[in-house]
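Here is the structure we will look at, set down as C-alpha cells.
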Amino acid sequence: MAGPVRDQRVAVGGAADAPGSGGAQRPGEEGGWRGFAQEQLQARHGPVRAALLTAVGWAVWHAPLFVILATFRGFRPAVLPGFFLGMVAGAVVLAFVYNAAGGGVAAAACWHVAYNLSSASAAASGTVAAVSTAVVMLWAVALLVMAWRAARRGAPWPLLAGRRRAGSEPLTLVS
C-alpha cells in the first residue's frame, strides 16, 4: 500500500500537468488520476464508484482542451455527450488496467498513450478512431456487467485482479 510520501509526490505530479501542457500524454496524468485519485477513492468507495468519481474529475480536467486545441474546438455540441461517455468508459478500463498491474501507473499510462494514438492523433481519424472508441466502450460495459454479477453473488470484484486492501478481504463492488 502506498505511503503518504508517495501519495503526495504522485498528487503533485498529476496536478502539475495541466491540460494543454503538450504531448499526446502529459507525464504524471495517470499518476494523479489512477495512482492517487483511483487508489484513494477505491479504498473508501470500491472500484466502480472510484472509477466513476475519477471520471467526473477527469472530464472537468479535460474541459479546457475544448478552448485550447483546435481539434477539440471543432467538435459539434452534439458530440460532447459521447465524448464524456467515452471518458467514463476510459476511466473504467483504466481502473481495470491499473489494478490488473497491481497498482501500476506505468501500465495505465502506456494504455492511455496507445488509446490516444489510436483515437485522437492525426494518424487515427474517421473509422480507426470510431472503432477504437467503440472497443473501449464495449470493454467498459463488459467490465461493469462482470462487476455487477460479482456483487450480486457477494464475490470479490474480478476486475481488481486479486488486489486487496492491506490486512482485509478482497475489495468488492461497493465497500
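Counting with the UniProt record's numbering, you get residues 1 to 175 for the letters of the sequence shown. In this text, a Cβ means the ideal position worked out from N, Cα and C, and glycines have one as well.
Work out the CA separation of residue j and residue i for me, nearest whole Å.
i: Ala140; j: Val92; result: 6 angstroms
i: Val67; j: Ala155; result: 44 angstroms
i: Phe72; j: His62; result: 10 angstroms
i: Ala100; j: Ala43; result: 16 angstroms
i: Val88; j: Ala106; result: 20 angstroms
i: Leu143; j: Leu69; result: 31 angstroms
i: Phe36; j: Val128; result: 32 angstroms
i: Gly90; j: Val48; result: 12 angstroms
i: Val136; j: Arg153; result: 26 angstroms
i: Gly82; j: Ala122; result: 20 angstroms
i: Gly126; j: Trp148; result: 33 angstroms
i: Val79; j: Ala55; result: 18 angstroms
Per DSSP, what kind of secondary structure is residue i in: helix, strand or coil?
i: Ala143; result: As written in the sequence, residue 143 is Leu, which differs from the Ala given in the question. Residue state, collapsed to three classes: helix.
i: Ser121; result: coil
i: Phe84; result: helix
i: Arg34; result: helix
i: Ala63; result: coil
i: Trp157; result: coil
i: Leu41; result: helix
i: Phe75; result: coil
i: Ala100; result: helix
i: Gly57; result: helix
i: Arg152; result: helix
i: Leu69; result: coil
i: Gly46; result: coil
i: Gly90; result: helix
i: Arg163; result: coil
Can you find the residues in the same chain that come closer than 8 angstroms, C-beta to C-beta, to residue i, ignoring five residues on each side of it along the sequence?
i: Ser132; result: Tyr115, Ser118, Ser119, Ala124
i: Gly57; result: Trp33, Ala37
Give me, in chain order, the residues of the same chain whose beta-carbon lies closer than 6 angstroms to that of residue i; leave out the 5 immediate sequence neighbours on both sides.
i: Gly86; result: Thr133
i: Leu41; result: Ala50, Leu53
i: Ala108; result: Glu30, Arg34, Leu94, Val97, Tyr98
Between residue i and residue j, which are expected to be in contact by the criterion C-beta below 8 angstroms, what is the C-beta distance as a whole number of angstroms?
i: Trp111; j: Leu94; result: 7 angstroms
i: Phe84; j: Ala59; result: 5 angstroms
Return no unless some Cβ of chain D is closer than 7 angstroms to the Cβ of residue i.
i: Glu39; result: The structure shown contains no chain D; it holds only a single protein chain.
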